[in-house]
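Numbering (mature numbering (1 follows the signal peptide of the UniProt record, and there is no 0)), first residue to last: -21 to -1, 1 to 358.
So this is what it looks like as C-alpha coordinates:
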(Lines of atoms letter the chains of each structure in order from A and count residues from 1; the text may use other names and numbers.)
(Lines give C-alpha, C1' and ligand atoms only; values in the text may rest on other atoms or scores of the structure.)
Protein backbone atom coordinates (compact mmCIF):
# COMPACT_ATOMS: atom_id res chain seq x y z
CA UNK A 1 0.00 0.00 0.00
CA UNK A 2 2.79 2.41 0.95
CA UNK A 3 4.56 1.67 -2.32
CA UNK A 4 1.38 2.48 -4.28
CA UNK A 5 0.94 5.78 -2.43
CA UNK A 6 4.60 6.66 -3.05
CA UNK A 7 4.20 5.83 -6.75
CA UNK A 8 1.11 8.07 -7.02
CA UNK A 9 2.96 10.93 -5.28
CA UNK A 10 5.91 10.57 -7.65
CA UNK A 11 3.61 10.51 -10.69
CA UNK A 12 1.76 13.63 -9.51
CA UNK A 13 5.05 15.39 -8.79
CA UNK A 14 6.35 14.48 -12.24
CA UNK A 15 3.17 15.75 -13.86
CA UNK A 16 3.42 19.02 -11.90
CA UNK A 17 7.05 19.51 -12.91
CA UNK A 18 6.22 18.73 -16.53
CA UNK A 19 3.34 21.22 -16.60
CA UNK A 20 5.50 23.88 -14.95
CA UNK A 21 8.27 23.36 -17.51
CA UNK A 22 5.70 23.54 -20.31
CA UNK A 23 4.28 26.81 -18.95
CA UNK A 24 7.78 28.25 -18.68
CA UNK A 25 8.50 27.21 -22.27
CA UNK A 26 5.28 28.87 -23.45
CA UNK A 27 6.39 32.15 -21.85
CA UNK A 28 9.50 32.22 -24.05
CA UNK A 29 9.01 34.05 -27.35
CA UNK A 30 10.88 32.38 -30.22
CA UNK A 31 11.90 34.59 -33.15
CA UNK A 32 13.49 33.07 -36.25
CA UNK A 33 16.14 35.51 -37.46
CA UNK A 34 17.68 32.99 -39.86
CA UNK A 35 14.48 33.18 -41.94
CA UNK A 36 13.73 36.85 -41.36
CA UNK A 37 17.10 38.17 -42.49
CA UNK A 38 16.50 36.74 -45.96
CA UNK A 39 13.26 38.70 -46.39
CA UNK A 40 12.60 42.26 -47.54
CA UNK A 41 11.33 44.90 -45.15
CA UNK A 42 7.70 45.97 -45.16
CA UNK A 43 6.75 49.64 -44.81
CA UNK A 44 4.91 50.84 -41.73
CA UNK A 45 4.00 54.43 -40.92
CA UNK A 46 5.54 56.13 -37.92
CA UNK A 47 2.04 57.29 -36.95
CA UNK A 48 1.11 53.65 -36.27
CA UNK A 49 3.41 53.56 -33.23
CA UNK A 50 4.00 57.23 -32.32
CA UNK A 51 1.88 60.32 -31.72
CA UNK A 52 4.55 63.03 -31.94
CA UNK A 53 8.07 63.76 -33.14
CA UNK A 54 10.69 66.39 -32.28
CA UNK A 55 14.02 67.32 -33.84
CA UNK A 56 16.48 68.47 -31.19
CA UNK A 57 19.71 69.91 -32.53
CA UNK A 58 22.40 69.81 -29.84
CA UNK A 59 23.98 73.24 -29.47
CA UNK A 60 27.46 73.38 -30.97
CA UNK A 61 29.98 75.31 -28.87
CA UNK A 62 33.72 75.14 -28.30
CA UNK A 63 32.95 73.65 -24.89
CA UNK A 64 30.74 70.85 -26.23
CA UNK A 65 31.93 69.24 -29.44
CA UNK A 66 30.99 65.73 -30.46
CA UNK A 67 33.60 63.43 -31.99
CA UNK A 68 33.14 60.31 -34.09
CA UNK A 69 32.45 58.15 -31.02
CA UNK A 70 29.39 59.13 -29.03
CA UNK A 71 26.48 57.78 -27.02
CA UNK A 72 23.53 60.15 -26.71
CA UNK A 73 20.56 59.55 -24.40
CA UNK A 74 17.31 61.48 -24.16
CA UNK A 75 15.25 61.73 -20.98
CA UNK A 76 12.26 63.99 -20.34
CA UNK A 77 14.27 66.67 -18.53
CA UNK A 78 17.29 66.76 -20.82
CA UNK A 79 19.89 64.99 -22.96
CA UNK A 80 23.30 63.53 -22.14
CA UNK A 81 25.98 63.22 -24.82
CA UNK A 82 28.83 60.90 -23.93
CA UNK A 83 32.06 61.00 -25.94
CA UNK A 84 35.43 59.36 -25.42
CA UNK A 85 36.67 62.69 -24.05
CA UNK A 86 33.86 63.98 -21.83
CA UNK A 87 30.16 63.91 -20.96
CA UNK A 88 27.90 66.85 -21.83
CA UNK A 89 24.52 67.89 -20.44
CA UNK A 90 21.86 69.64 -22.57
CA UNK A 91 18.34 70.81 -21.76
CA UNK A 92 15.32 69.18 -23.51
CA UNK A 93 15.61 71.71 -26.36
CA UNK A 94 19.30 71.02 -27.03
CA UNK A 95 20.81 74.03 -25.25
CA UNK A 96 24.22 73.18 -23.77
CA UNK A 97 24.20 73.43 -19.98
CA UNK A 98 27.45 71.99 -18.65
CA UNK A 99 30.15 69.36 -18.91
CA UNK A 100 30.11 66.44 -16.48
CA UNK A 101 33.41 65.31 -15.01
CA UNK A 102 36.61 65.17 -17.03
CA UNK A 103 39.02 62.60 -18.40
CA UNK A 104 42.31 62.19 -16.58
CA UNK A 105 44.03 60.46 -13.69
CA UNK A 106 42.85 62.76 -10.91
CA UNK A 107 40.78 61.54 -7.93
CA UNK A 108 37.56 62.93 -9.44
CA UNK A 109 38.29 62.00 -13.08
CA UNK A 110 37.70 58.98 -15.33
CA UNK A 111 40.22 57.21 -17.56
CA UNK A 112 37.92 56.01 -20.34
CA UNK A 113 34.74 58.01 -20.85
CA UNK A 114 32.00 57.00 -23.33
CA UNK A 115 30.69 54.08 -21.23
CA UNK A 116 28.05 55.29 -18.80
CA UNK A 117 24.53 54.86 -17.46
CA UNK A 118 21.98 57.21 -15.92
CA UNK A 119 19.67 57.49 -12.95
CA UNK A 120 17.57 60.30 -14.41
CA UNK A 121 15.08 60.55 -11.49
CA UNK A 122 18.03 61.26 -9.17
CA UNK A 123 19.83 63.29 -11.88
CA UNK A 124 23.00 61.22 -11.69
CA UNK A 125 25.48 59.96 -14.28
CA UNK A 126 27.69 56.94 -13.62
CA UNK A 127 30.89 56.66 -15.66
CA UNK A 128 32.26 53.11 -16.00
CA UNK A 129 35.99 53.00 -15.39
CA UNK A 130 37.46 49.49 -15.15
CA UNK A 131 37.37 48.57 -11.43
CA UNK A 132 35.11 51.41 -10.31
CA UNK A 133 32.10 53.50 -11.23
CA UNK A 134 32.36 57.27 -10.84
CA UNK A 135 29.16 59.10 -9.93
CA UNK A 136 28.40 62.73 -10.87
CA UNK A 137 25.36 64.96 -10.63
CA UNK A 138 23.87 66.23 -13.88
CA UNK A 139 25.20 69.65 -12.82
CA UNK A 140 28.69 68.21 -13.19
CA UNK A 141 29.56 67.84 -9.53
CA UNK A 142 31.61 64.83 -8.42
CA UNK A 143 29.65 62.72 -5.91
CA UNK A 144 31.64 59.55 -5.25
CA UNK A 145 33.61 56.61 -6.57
CA UNK A 146 32.05 53.16 -6.24
CA UNK A 147 34.41 50.13 -6.24
CA UNK A 148 33.32 47.20 -8.38
CA UNK A 149 34.38 43.58 -7.67
CA UNK A 150 35.11 42.78 -11.32
CA UNK A 151 35.61 44.52 -14.64
CA UNK A 152 32.56 46.65 -15.46
CA UNK A 153 33.37 47.49 -19.08
CA UNK A 154 30.36 45.63 -20.47
CA UNK A 155 26.93 47.23 -20.20
CA UNK A 156 25.41 48.58 -16.98
CA UNK A 157 22.24 50.10 -15.55
CA UNK A 158 20.42 51.07 -12.38
CA UNK A 159 18.78 47.95 -10.92
CA UNK A 160 15.90 48.83 -8.63
CA UNK A 161 16.32 51.25 -5.77
CA UNK A 162 19.92 51.86 -4.78
CA UNK A 163 21.43 48.98 -6.76
CA UNK A 164 23.61 48.77 -9.87
CA UNK A 165 23.84 45.90 -12.36
CA UNK A 166 26.76 45.49 -14.76
CA UNK A 167 28.22 42.81 -17.00
CA UNK A 168 31.68 41.31 -17.16
CA UNK A 169 32.30 40.77 -20.87
CA UNK A 170 35.25 38.43 -20.26
CA UNK A 171 33.40 36.13 -17.84
CA UNK A 172 34.30 33.05 -19.92
CA UNK A 173 38.00 33.42 -19.08
CA UNK A 174 37.26 31.85 -15.67
CA UNK A 175 35.49 28.60 -16.50
CA UNK A 176 35.38 27.54 -12.85
CA UNK A 177 33.49 30.68 -11.82
CA UNK A 178 32.11 32.29 -15.00
CA UNK A 179 30.24 35.14 -13.33
CA UNK A 180 28.78 37.41 -15.99
CA UNK A 181 26.42 39.76 -14.15
CA UNK A 182 27.06 41.55 -10.89
CA UNK A 183 24.58 43.43 -8.73
CA UNK A 184 26.07 45.81 -6.16
CA UNK A 185 24.83 48.59 -3.91
CA UNK A 186 26.11 52.16 -4.07
CA UNK A 187 28.81 51.37 -1.55
CA UNK A 188 30.21 48.72 -3.89
CA UNK A 189 29.05 45.76 -1.80
CA UNK A 190 28.15 42.76 -3.94
CA UNK A 191 24.54 41.62 -3.53
CA UNK A 192 24.45 38.99 -6.27
CA UNK A 193 26.65 37.39 -8.93
CA UNK A 194 25.03 35.56 -11.85
CA UNK A 195 26.89 33.01 -13.94
CA UNK A 196 26.96 33.18 -17.72
CA UNK A 197 26.55 30.35 -20.22
CA UNK A 198 29.68 28.38 -21.14
CA UNK A 199 29.78 26.25 -24.30
CA UNK A 200 31.56 23.07 -23.30
CA UNK A 201 34.54 22.00 -25.34
CA UNK A 202 34.90 25.43 -26.99
CA UNK A 203 37.94 27.66 -26.83
CA UNK A 204 36.66 31.21 -26.66
CA UNK A 205 37.97 33.70 -29.19
CA UNK A 206 37.48 37.46 -29.56
CA UNK A 207 34.01 38.62 -30.65
CA UNK A 208 33.83 42.28 -31.71
CA UNK A 209 30.54 42.36 -33.63
CA UNK A 210 28.35 41.67 -30.59
CA UNK A 211 28.26 43.31 -27.15
CA UNK A 212 26.37 42.79 -23.92
CA UNK A 213 23.18 44.86 -23.85
CA UNK A 214 21.17 45.79 -20.74
CA UNK A 215 17.90 47.69 -20.99
CA UNK A 216 14.95 48.60 -18.80
CA UNK A 217 11.32 48.11 -19.77
CA UNK A 218 8.25 48.47 -17.56
CA UNK A 219 10.52 48.89 -14.50
CA UNK A 220 12.16 45.52 -15.16
CA UNK A 221 15.76 44.87 -16.23
CA UNK A 222 16.59 42.80 -19.33
CA UNK A 223 19.91 41.41 -20.54
CA UNK A 224 21.06 40.32 -24.01
CA UNK A 225 24.46 38.58 -23.64
CA UNK A 226 27.02 39.25 -26.36
CA UNK A 227 27.61 35.53 -26.92
CA UNK A 228 24.01 34.28 -26.81
CA UNK A 229 21.11 35.19 -29.08
CA UNK A 230 18.61 35.37 -26.23
CA UNK A 231 17.14 37.96 -23.86
CA UNK A 232 16.84 37.32 -20.14
CA UNK A 233 14.74 39.20 -17.62
CA UNK A 234 16.58 39.74 -14.34
CA UNK A 235 13.96 39.41 -11.63
CA UNK A 236 14.14 42.37 -9.26
CA UNK A 237 13.20 40.27 -6.21
CA UNK A 238 15.09 37.00 -6.65
CA UNK A 239 17.87 38.56 -8.76
CA UNK A 240 17.73 35.47 -10.98
CA UNK A 241 17.63 35.47 -14.77
CA UNK A 242 14.63 34.17 -16.69
CA UNK A 243 14.63 33.44 -20.42
CA UNK A 244 12.01 35.55 -22.22
CA UNK A 245 13.14 35.80 -25.88
CA UNK A 246 15.07 33.29 -27.97
CA UNK A 247 16.39 34.12 -31.43
CA UNK A 248 16.80 31.20 -33.83
CA UNK A 249 19.82 31.79 -36.05
CA UNK A 250 20.37 28.35 -37.61
CA UNK A 251 23.83 27.87 -39.06
CA UNK A 252 24.53 31.59 -38.56
CA UNK A 253 24.46 31.47 -34.77
CA UNK A 254 27.33 33.05 -32.84
CA UNK A 255 30.58 31.07 -33.00
CA UNK A 256 32.22 31.80 -29.65
CA UNK A 257 35.57 30.43 -30.87
CA UNK A 258 35.81 32.93 -33.73
CA UNK A 259 38.69 35.41 -33.75
CA UNK A 260 37.21 38.67 -35.01
CA UNK A 261 40.43 40.60 -34.58
CA UNK A 262 40.94 39.37 -38.14
CA UNK A 263 38.70 41.38 -40.46
CA UNK A 264 37.81 38.37 -42.63
CA UNK A 265 36.16 36.67 -39.63
CA UNK A 266 33.79 39.51 -38.76
CA UNK A 267 30.02 39.58 -39.33
CA UNK A 268 29.86 35.89 -40.27
CA UNK A 269 27.19 35.27 -37.64
CA UNK A 270 23.87 36.99 -37.00
CA UNK A 271 24.48 39.75 -34.47
CA UNK A 272 21.94 41.78 -32.50
CA UNK A 273 23.20 45.32 -32.05
CA UNK A 274 20.40 47.14 -30.24
CA UNK A 275 17.07 46.34 -28.60
CA UNK A 276 14.10 48.62 -27.91
CA UNK A 277 11.05 47.23 -26.14
CA UNK A 278 7.66 48.94 -25.84
CA UNK A 279 4.30 47.68 -24.52
CA UNK A 280 3.27 46.73 -28.07
CA UNK A 281 6.53 45.85 -29.83
CA UNK A 282 10.07 44.60 -29.57
CA UNK A 283 12.41 46.31 -32.04
CA UNK A 284 15.83 44.82 -32.76
CA UNK A 285 18.59 46.11 -34.99
CA UNK A 286 20.45 43.06 -36.28
CA UNK A 287 22.71 42.09 -39.14
CA UNK A 288 24.68 39.49 -41.04
CA UNK A 289 27.70 40.30 -43.19
CA UNK A 290 26.79 43.54 -45.03
CA UNK A 291 23.04 43.32 -44.43
CA UNK A 292 21.52 45.27 -41.51
CA UNK A 293 17.81 45.00 -40.69
CA UNK A 294 15.35 46.60 -38.31
CA UNK A 295 13.09 43.83 -37.03
CA UNK A 296 9.79 44.33 -35.24
CA UNK A 297 7.98 41.75 -33.11
CA UNK A 298 4.28 42.54 -32.70
CA UNK A 299 3.25 41.33 -29.24
CA UNK A 300 -0.46 41.21 -30.06
CA UNK A 301 -0.17 39.44 -33.40
CA UNK A 302 2.81 37.38 -32.19
CA UNK A 303 4.53 38.00 -35.52
CA UNK A 304 7.98 39.21 -36.55
CA UNK A 305 9.06 41.00 -39.69
CA UNK A 306 11.68 43.38 -41.00
CA UNK A 307 10.29 46.90 -41.23
CA UNK A 308 11.01 50.31 -42.69
CA UNK A 309 9.41 53.00 -40.54
CA UNK A 310 8.27 55.78 -42.87
CA UNK A 311 8.00 59.19 -41.20
CA UNK A 312 4.50 60.37 -42.05
CA UNK A 313 4.44 62.76 -39.05
CA UNK A 314 7.07 65.27 -40.18
CA UNK A 315 7.84 63.97 -43.66
CA UNK A 316 11.44 63.30 -42.67
CA UNK A 317 13.78 60.39 -43.29
CA UNK A 318 12.97 56.82 -42.25
CA UNK A 319 12.97 56.38 -38.48
CA UNK A 320 15.44 53.83 -37.09
CA UNK A 321 15.48 53.57 -33.27
CA UNK A 322 19.01 53.96 -31.94
CA UNK A 323 20.43 54.47 -28.47
CA UNK A 324 18.81 54.23 -25.06
CA UNK A 325 16.23 56.73 -23.85
CA UNK A 326 13.51 57.02 -21.22
CA UNK A 327 10.23 55.11 -21.10
CA UNK A 328 7.54 56.23 -23.52
CA UNK A 329 9.95 57.42 -26.20
CA UNK A 330 12.24 56.18 -28.95
CA UNK A 331 15.16 58.15 -30.33
CA UNK A 332 17.31 58.35 -33.45
CA UNK A 333 20.58 60.28 -33.75
CA UNK A 334 22.34 61.58 -36.86
CA UNK A 335 24.77 64.33 -37.78
CA UNK A 336 23.12 67.05 -39.93
CA UNK A 337 24.88 65.79 -43.06
CA UNK A 338 23.06 62.43 -42.83
CA UNK A 339 19.64 64.08 -43.05
CA UNK A 340 20.68 65.64 -46.35
CA UNK A 341 21.94 62.34 -47.78
CA UNK A 342 18.87 60.25 -46.97
CA UNK A 343 15.56 60.33 -48.80
CA UNK A 344 12.68 62.03 -46.99
CA UNK A 345 9.10 60.79 -47.24
CA UNK A 346 7.54 64.28 -47.79
CA UNK A 347 4.27 62.97 -46.31
CA UNK A 348 3.41 64.70 -43.06
CA UNK A 349 0.45 65.22 -40.74
CA UNK A 350 2.16 67.65 -38.35
CA UNK A 351 3.10 70.84 -40.28
CA UNK A 352 4.94 72.40 -37.32
CA UNK A 353 7.18 69.32 -37.10
CA UNK A 354 7.80 69.50 -40.84
CA UNK A 355 9.30 72.94 -40.18
CA UNK A 356 11.62 71.39 -37.58
CA UNK A 357 12.84 68.88 -40.15
CA UNK A 358 13.40 71.60 -42.75
CA UNK A 359 15.41 73.57 -40.17
CA UNK A 360 17.68 70.55 -39.64
CA UNK A 361 18.48 70.57 -43.37
CA UNK A 362 19.87 74.10 -42.97
CA UNK A 363 22.32 73.18 -40.20
CA UNK A 364 26.04 73.16 -40.84
CA UNK A 365 27.40 69.69 -41.55
CA UNK A 366 30.00 70.14 -38.79
CA UNK A 367 27.39 70.87 -36.12
CA UNK A 368 26.67 68.51 -33.25
CA UNK A 369 24.23 65.65 -33.87
CA UNK A 370 20.46 66.02 -34.03
CA UNK A 371 18.36 63.87 -31.71
CA UNK A 372 15.05 62.81 -33.24
CA UNK A 373 12.63 61.87 -30.46
CA UNK A 374 9.25 60.22 -31.02
CA UNK A 375 6.59 59.91 -28.33
CA UNK A 376 4.99 56.49 -28.35
CA UNK A 377 1.24 56.07 -28.41
CA UNK A 378 -0.32 55.24 -25.07
CA UNK A 379 2.03 57.39 -22.99
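For glycine and all other residues, C-beta sits at the position ideal for the given N, C-alpha and C.
Taking all protein chains in view, the Cβ of residue 344 is surrounded by fewer than 16 other Cβ atoms within 10 Å, so the residue is classified as exposed. For residue 326, the secondary structure class from DSSP, reduced to helix, strand or coil, is coil. For the pair residue 103 and residue 32, the Cα-to-Cα distance works out to about 26 Å. The residue among 98, 169, 154 and 51 with its C-alpha nearest the C-alpha of residue 129 is 169. Between residue 236 and residue 181, the gap from beta carbon to beta carbon is short of 7 Å.
Nearest to residue 285 by alpha-carbon distance, out of 223, 293, 260 and 239, is 260. Minimum Cα-Cα distance from residue 116 among the listed residues 91, 163, 37 and 67 corresponds to 67. Annotation for residue 174: no alpha helix (DSSP H) segment contains it, though the beta strand (DSSP E) segment containing it runs 169 to 174. Annotated as distal: residue 215 and residue 133, with beta-carbon spacing of 7 Å or more. It is roughly 38 Å from the alpha-carbon of residue 110 to the alpha-carbon of residue 11. Remark: C-beta atoms of residue 291 and residue 77 do not approach each other more closely than 7 Å. In the DSSP annotation of this structure, residue 102 is not part of any alpha helix (DSSP H), being labelled neither H nor E. Contact between residue 62 and residue 37 does not hold, since their C-beta atoms are separated by about 11 Å, which reaches or exceeds 8 Å.
As for any beta strand (DSSP E) of minimum length 3 sitting wholly inside the segment 211 to 259, the runs are 220 to 227 and 250 to 256, ordered along the chain. Closest in C-alpha terms to residue 225, from the list 263, 218, 82 and 321, comes 263. Between the C-alpha atoms of residue 148 and residue 194 there is a straight-line separation of about 16 Å.
Judged by DSSP secondary structure, residue 318 falls within the alpha helix (DSSP H) whose first and last residues are 315 to 320.
When DSSP states are grouped into helix, strand and coil, residue 6 belongs to the helix group. Residue 203 and residue 270 have their C-alpha atoms spaced approximately 21 Å apart.
Residues 188, 189, 233, 265, 266 and 267 of the same chain have their beta carbon placed closer than 8 Å to that of residue 250, with the five preceding and five following residues left out of the count. About 19 Å separates the Cβ atoms of residue 293 and residue 358, ruling out a contact at the 8 Å cut-off.
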